[in-house]
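In this note's numbering, the protein residues as written are 2 to 395. All C-beta atoms, glycine included, are put in the ideal place defined by N, C-alpha and C.
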Ligand SMILES: Cc1ncc(COP(=O)(O)O)c(C=O)c1O
């Protein structure tokens, strides 16, 4: 009696089972997988956040498919602060980036149509796509190690040959996670130009997920896709990461690209958004204030990420078996460790023998064993001790 799209295998995987058993037995755990910013010891301006939710204007209902203008203006202001020209009229508020994806998939895809996603990447897309009857097709990201001859050519890059090969008549969009989770790399200007030319030639959309955009470790700030004009573009972001407020359920979607395409996309999105009107009034009214919170939050996150990375490098320098990949931004470090067993077996052994929880690379579809992912927003003492125990395993 159920739809086939809900025929998911819901049995917990071996690592989740081992983790549940570890916790149930009350054993100590150094958790290097934390991603919930509200549980990482960051300081929030509690009264500013709570006061923002008490705006008396929330007592009246002013439905607007795009969301309240005051909130959309604040979001446009966030982009203006990055020198990106975005009109409040092209912004749609949603309860989460995940919901924004569903609007995009519903706007672009008929059942069975395809969307390209990067690999490795965050394992969020499979369920989102299943629920919207979209087929995901992976395009690889390749990692190039540092080479003295080509200093600027190292790190993660989109495999454009594979990406183009993956395009079929059913392809409707290419997801770009900017910066990607967990590889932490940004799309470079030359890559954005190439994506624009491929997507406009094939009449498919760029779907840019920028939830980690502000967490760049290098000085020069990467450009957003929000003001991209070179191809049909949807840009998604929200306050879960930008201001560290995932519980507030406030995100957005921006339509951009060639003007005629954009006005058609906006008209269609308006119907979808009007059908749900999903973001509640108190949160919409609080968005300008929540966006203000980003400055203090991002400062804390970036300094923790830097300190954890420095500690990781200090410990890596003292051994020879493991290394880390380049991190340009985001909240994760990818470790390269000896591939003596599957990443899942390794993560289970690290848990049971060292009391350390890390994500195995296969969770993010790394193409081979020997990759572990650690969260750089882990509180520093836990991070340092956890990395120490992890490295002592090899
Ligand atoms: C790359 C990426 N996109 C989207 C999301 C989900 O964001 P939201 O809480 O706005 O749905 C996450 C969550 O970790 C993420 O890593």
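At least one heavy atom of ligand 1 lies less than 6 angstroms from the C-beta of residue 247. Per DSSP, the continuous beta strand (DSSP E) segment holding residue 257 begins and ends at 252-257.
Counting along the chain, residue 333 sits inside the beta strand (DSSP E) bounded by residues 333-337.
Contact between residue 123 and residue 56 is ruled out by a C-beta separation of about 33 angstroms, above the 8 angstroms threshold. Between residue 98 and residue 238 the beta-carbon gap is near 7 angstroms, inside 8 angstroms, which marks them as a contact. The nearest non-hydrogen atom of ligand 1 is less than 6 angstroms from the C-beta of residue 178.
For the pair residue 359 and residue 373, the CB atoms are nearer than the 7 angstroms cut-off. The beta strand (DSSP E) runs of length 3 or more contained entirely in the region 64-103 are, from start to end of the chain, 92-95.
In terms of side-chain proximity, the C-beta atom of residue 7 is found no nearer than 6 angstroms to any non-hydrogen atom of ligand 1.
Taken in chain order, the complete beta strand (DSSP E) segments of 3 residues or longer contained in the region 292-360 are 333-337. Taking the C-beta atoms as reference points, residue 206 is found no nearer than 7 angstroms to residue 223. Distance from the C-beta of residue 169 to the nearest heavy atom of ligand 1 is not below 6 angstroms. In terms of Cβ geometry, residue 31 and residue 312 do not form a close pair [threshold 7 angstroms].
Remark: the shortest separation between the CB of residue 99 and any heavy atom of ligand 1 falls under 6 angstroms. Between the alpha carbons of residue 24 and residue 381 lies a distance of about 21 angstroms. Taking the Cα positions, residue 258 is about 4 angstroms away from residue 230.
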